[in-house]
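In this note's numbering, the protein residues as written are 8 to 272.
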């Protein structure tokens with residue numbers, strides 16, 4: 008009998024893994040719980056809601072995961088494994104208890120945990136001048152990005168990388184990691200290493216220097232700030248001149264476009 012999976016989250020990783028599971032008939036995806044910002048069509052990011060409907064997979068789109076009706080429904084599904092993929096909702100203790108004696112809840116994070124827990128790690132890694140980055144597969148706990156680590160894939164950050172290219176590298180590496188481990192995750196709970204929380208860094212939902220570029224910075228710092236902040240489709244770095252605030256658009260920055268098309272290394 009096929010194992011049953013619940014996918015929680017969205018964007019590239021959830022969409023790609025849903026397709027991968029279905030194409031390879033690895034398991035039955037019995038439910039997709041989609042992010043609130045998923046409007047059912049592809050925008051900057053692909054829509055899990057759209058792909059789940061196309062695959063005749065049941066969907067929910069709750070404001071939060073821990074309401075009694077949601078938990079009761081999850082318990083009735085009797086799923087074996089939960090995959091949390093680019094998920095921005097928090098699992099409560101009841102979720103963890105429901106899957107404690109099953110195959111667990113596995114989450115992916117685009118960062119080398121325990122470093123860069125929290126929001127927008129690829130942005131902070133570039134701003135902090137990191138030379139290496141990673142994606143992490145881990146089991147969840149009740150605290151954000153703190154669970155024991157199943158696997159990590161490391162790769163270089165080059166001088167040509169920006170927030171978008173590092174996000175893309177992370178997405179590609181994460182998919183490779185998941186496809187390597189998915190069959191194993193469906194067999195049993197895997198060995199996992201506790202995080203060293205002395206090494207932990209956490210970033211809230213904020214921007215370096217509140218998103219404003221300081222015109223007194225040297226050229227190198229200004230370029231690094233642009234590389235860290237700008238992401239096509241989103242507002243870019245801001246500049247204040249007198250009483251006016253201007254926003255840079257990534258597509259209008261020759262410097263950003265130049266580095267964006269460099270090959271990932």
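Glycine is no exception: its CB is placed at the ideal position from the N, C-alpha and C atoms. Note that the coordinates shown come from a computational prediction; the quantities given were computed from them, not determined experimentally.
Taking a cut-off of 8 Å for Cβ pairs, the stretch 213 to 230 and the stretch 144 to 154 do not touch, as fewer than three such pairs fall below it. The beta carbons of residue 121 and residue 202 sit about 4 Å from each other, so the pair counts as a contact at 8 Å. If only uninterrupted beta strand (DSSP E) runs of at least 3 residues are considered, those enclosed by the stretch 81 to 156 are 88 to 92, 112 to 116 and 139 to 146. Taking a C-beta distance under 8 Å as the contact criterion, residue 66 and residue 13 do not qualify as a contact pair. Checking the DSSP bridge columns, you'll see residue 159 partnered with 143.
Under the three-state reduction of DSSP, residue 67 is assigned to strand.
Counting only runs of 3 or more residues that sit fully inside the stretch 35 to 79, the beta strand (DSSP E) segments are 35 to 41, in chain order. Scanning 178, 45, 220 and 169 for the CA closest to the CA of residue 160 turns up 178. Taking C-alpha positions only, residue 230 is separated from residue 106 by approximately 46 Å. The Cβ atoms of residue 118 and residue 153 lie no closer than 8 Å to each other.
The Cβ atoms of residue 196 and residue 219 lie no closer than 8 Å to each other. Linking residue 40 to residue 206 through their CA atoms gives a straight-line distance of about 32 Å. A Cβ-Cβ distance of about 6 Å is found for the pair residue 91 and residue 16, placing them in contact under the 8 Å criterion. Note that the C-beta distance between residue 170 and residue 256 is not below 8 Å.
Between residue 164 and residue 140, the C-beta spacing is below 8 Å.
Contact between residue 37 and residue 11 holds, with the beta-carbon distance rounding to 5 Å and staying under 8 Å. Nearest to residue 211 by C-alpha distance, out of 130, 199, 239 and 243, is 130. In the DSSP assignment, residue 249 is bridged to no other residue.
Residue pairing by DSSP places residue 27 opposite no residue, since no beta bridge is assigned to it.
Between residue 69 and residue 22, the gap from beta carbon to beta carbon reaches 8 Å or more.
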